[in-house]
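Heads up, the sequence shown is in my numbering, so the first residue is 1 and it goes up one at a time.
One structure below.
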Amino acid sequence: MKHLRLLFYALAFSLTFTACGGGDDDDDNGGSSGGSTPYSNNINANTGEGQNALVKSYVTNLEFPHLKESGNNIVIIHIANGIGMNYAVEWDADKHSQRWSCYTMHNGNSSSITNRKPKESNGEFTEYPNDPFLDSKYHFTHDPYYGSGFDHGHIFPSADRAYGYNEQANRQTFYMTNMQPQVNGFNAGVWANMEAQVRKWNNQAGTFRRDVLYIVKGGTIDSEANYGYIDASGNYINKKYIGSGDNRIPVPLYFYMAVLCKKPQEQGGGYEAAAFWIEHKNSADDKLLKYLVSIDELEQKTGIDFFCNLPDDIENSVEKTIGASFKAGLQ
C-alpha cells in the first residue's frame with residue numbers, strides 16, 4: 001500500500017523492535033498481546049506488503065482495521081516499555097487528522113487504576129505535544145484546539161493506560177495524533193461513559209469475561225458530509241473545522257468504538273463483537289444500549305473494514321450480530 005508510510009525514530013526502533021515485536025499470541029501476561037492470523041481463507045487481511053519491517057510486524061494483529069489504500073495516510077505505531085505496541089494510529093496527512101486509534105486490553109497491559117499524568121504547564125504543545133513519531137513536516141505549528149471551544153478529545157483514553165501503571169504508555173496517549181475535537185458536554189459526558197463501559201468489560205464486571213479486547217475508536221473524517229456537531233437543544237451546528245491553514249482539522253459529526261472480545265478458554269473460547277455509534281452531541285447520557293450496533297452496521301456507516309485480520313468465516317459470523325455479552329447489564 002504505497003501511500004502508507006510509518007515514521008519513527010531509528011533509536012526507538014532499535015530499542016524496541018526485537019524486544020517487543022508484534023504478532024505474538026502468547027499468554028505470558030494473562031492475555032494475548034495482539035496476534036496475527038493466517039492469510040488462508042482471509043481475502044481482506046492486511047498483509048503489510050510494501051511496508052517496512054516494523055509496520056509489517058503489527059498490521060496483521062487483530063485490532064487493526066484494513067488500512068486505507070488511497071490518500072496520504074500514515075501509520076504510526078507507539079511502543080511502550082513492558083507493553084510492546086501501546087497503540088497505533090492511521091493519520092490522514094492531508095486532513096491533519098487521525099482516522100482511528102487501535103489497541104488491546106488484557107491482563108498484561110491494563111489495570112483497574114485510571115489516573116492520568118500530572119497536568120503540564122499551560123501553553124501550546126506542553127499538555128498535548130506533537131507526536132514525535134510523526135515527521136516534523138506534518139507537525140502543528142499552532143494548536144488549533146486553543147480558543148476553539150472544543151476539548152482535546154482522547155480517542156485512545158489515557159485511563160486505559162493509567163499513569164500509575166505505566167507512565168510512558170499514559171504520556172503517549174496525549175499526543176496530538178490521538179486527539180479529535182469534541183465539545184465538552186460530549187467529551188466529559190456520553191463519550192466518557194462509553195469509555196468507562198469499555199473498561200468495565202475489560203475488568204470483567206458482572207458476567208462479562210474476556211481473554212483479550214481488541215479495540216478501534218475514531219471519528220468520521222473521510223467526508224465533509226459527516227462534519228459538525230449537535231448542540232444541547234438537538235440542533236445541528238455547521239462547524240466543520242477548527243484552526244486554519246496547515247493547522248485546520250475537521251470536526252467529526254459521529255464517533256464510534258468497535259470492540260472484539262476473545263473469550264477465555266474456560267468459556268469455550270471464540271469471539272464476540274459489538275460497537276458504539278453516536279452523534280457528536282452535548283449529552284451526559286448513561287443509557288448506552290441504544291448506541292450499540294453490530295460491526296457490519298458500523299462498517300456500512302464508516303466505510304472502514306474492522307477486524308479484517310480474522311479468518312473470513314469467523315469475521316462474518318461475529319460481525320453480523322451484537323454479541324450477547326456486550327448487551328448484558330446495559331440499559
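Where is the CB? At the ideal position from N, CA and C, for every residue including glycine.
Note on the segment 115-190: whole alpha helix (DSSP H) runs with a minimum of 4 residues are 167-172, in chain order. A Cβ-Cβ contact shorter than 9 Å links C308 with N42. In this structure, F133 lies near I76, with their beta-carbon atoms less than 9 Å apart.
Distance from the Cα of A232 is smallest, within the candidate group N282, A162, Y271, A275, for N282.
Judged by DSSP secondary structure, D92 falls outside any alpha helix (DSSP H) and instead within the beta strand (DSSP E) spanning 84-92. As computed with DSSP, Q98 is found in a beta bridge with W91. Comparing alpha carbon positions, the residue from F186, Y58, E120, Q267 closest to G219 is F186.
For the pair S294 and K137, the Cα-to-Cα distance works out to about 38 Å. Taking C-beta separations shorter than 6 Å and ignoring five residues to either side along the sequence, the partners of Y214 in its chain run L62, E63, T104, L260, following chain order. V198 and G234 have their C-alpha atoms some 26 Å from each other. Between P144 and R248 the beta-carbon gap is near 7 Å, inside 8 Å, which marks them as a contact. Of K301, N81, D296, I304, the smallest CA-CA separation from S317 is found for D296. The beta-carbon distance between E127 and F156, rounded to whole angstroms, is 16 Å. This is too long to meet the 8 Å contact definition. Put simply, the segment 66-76 does not touch the segment 166-173. Fewer than three CB pairs are less than 8 Å apart. A distance below 9 Å separates the beta carbons of G323 and A273. Counting the other CB atoms within 10 Å of its CB gives S244 a total below 16, which places it among the exposed residues. The alpha-carbon separation between A93 and V251 amounts to approximately 15 Å.
With a beta-carbon spacing of about 5 Å, I304 and P65 fall inside the 8 Å limit used to define contacts.
The three-state reading of DSSP puts V293 in strand, counting E and B together.
According to the DSSP assignment, F276 belongs to the beta strand (DSSP E) that extends over 271-279.
CA-to-CA, the gap between Y146 and A192 works out to about 21 Å. Within the same chain, I249 come within 6 Å of H96 by CB-CB distance, once the 5 residues on both sides are set aside.
G189 and D285 have their C-alpha atoms roughly 7 Å apart. Check the Cα spacing between K327 and each of K301, E315, E299, K287: the tightest is with K287.
In this chain, the beta strand (DSSP E) harbouring N73 covers 73-80. The straight-line gap separating the alpha-carbon atoms of N238 and I278 is approximately 17 Å. Setting aside the 5 residues that flank it on each side, P264 is surrounded in the same chain by R209, R210, D211, each with a C-beta closer than 8 Å to its C-beta; the list follows chain order. Per DSSP, K56 lies in no beta strand (DSSP E) segment; the continuous alpha helix (DSSP H) that holds it begins and ends at 53-56. Where I215 is concerned, the enclosing beta strand (DSSP E) starts and stops at 212-219.
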